[in-house]
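Colleague: Per the working numbering, the very first residue in the sequence shown carries number 1241; after that it's consecutive.
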Amino acid sequence: MHPQFNLVLLSCLILGAAAGLESRLAGRKLAIATHLAATCLGYFAFAVSATPIESSFGVGTAPMNAMAIAFLICAWISETDSLRSGEAAAERGDASNHVVAFVIGFAGAMGSTLLLGLSVATMFGLFMRRAHAGCEPVYASELAGSRFEE
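#1: Please list, in chain order, all residues of the same chain as T1362 whose beta carbon is under 7 Å from its beta carbon, the five residues on each side excluded.
#2: Grouping DSSP H, G and I as helix and E and B as strand, with all else coil, what is N1305?
#3: According to DSSP, simplified to helix, strand and coil, what is D1334?
#4: Output needed for S1386: all residues of its chain with C-beta closer than 8 Å, excluding positions within five of it in sequence on either side, in chain order.
#5: Out of I1344, L1250, A1371, S1336, which one is the CA nearest neighbour of T1285?
#6: In the DSSP assignment, the alpha helix (DSSP H) including S1251 goes from what residue to what residue?
#7: According to the neighbour-count rule (16 or more other Cβ atoms, all chains shown, within 10 Å of its Cβ), is G1267 buried or exposed?
#8: Going by beta-carbon coordinates alone, are F1367 and A1308 separated by less than 8 Å?
#9: Of the residues L1247, H1275, T1353, L1354, which one's Cα is nearest the Cα of N1337?
See the structure below:
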């Protein structure tokens, strides 16, 4: 038996885990596992459904790209709304990060470097927006660490 590893799926899983790392640092114990699951769902959702749909209509990958970009836009809008409403980080959840993890898996299965880069940029952009809004747990942990040293 010769096990074969799909390097694209493995790379997508690493990126999906990175999306869940922020939530894990905030105290959500299953964050990395749920983000890995979202990445796998995105990867296998494309593998199961996209080829028959595209070949039956003969339109190429444009609808799938448009759908993935729409998901990223919805994640950005959702995060903007939660930051404007002033929800606490514990109540806000990380639905936008799960959507980005889904799109990372989806882009990996499509083989779209542009879409993968766009989703990683969105993940970083969401992180920086939360950091500038003052609700990012990573920056708050520096203050918490200084209290323990005293």
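Just so it is clear, CB atoms sit at the ideal spot from N, CA and C, and this is done for glycine as well.
Modeller: This is what the structure holds:
#1: L1312, A1315, W1316, V1340
#2: N1305: helix per DSSP, three-state reduction.
#3: coil
#4: In this prediction, S1386 scores a pLDDT of 46, lower than 50, which makes its location untrustworthy; no coordinate-derived value is stated.
#5: Rather than Thr, the amino acid found at residue 1285 in this sequence is Ala. Checked all of I1344, L1250, A1371, S1336; the closest Cα to A1285 is I1344.
#6: 1247–1265
#7: exposed
#8: no
#9: Closest by alpha carbon: H1275.
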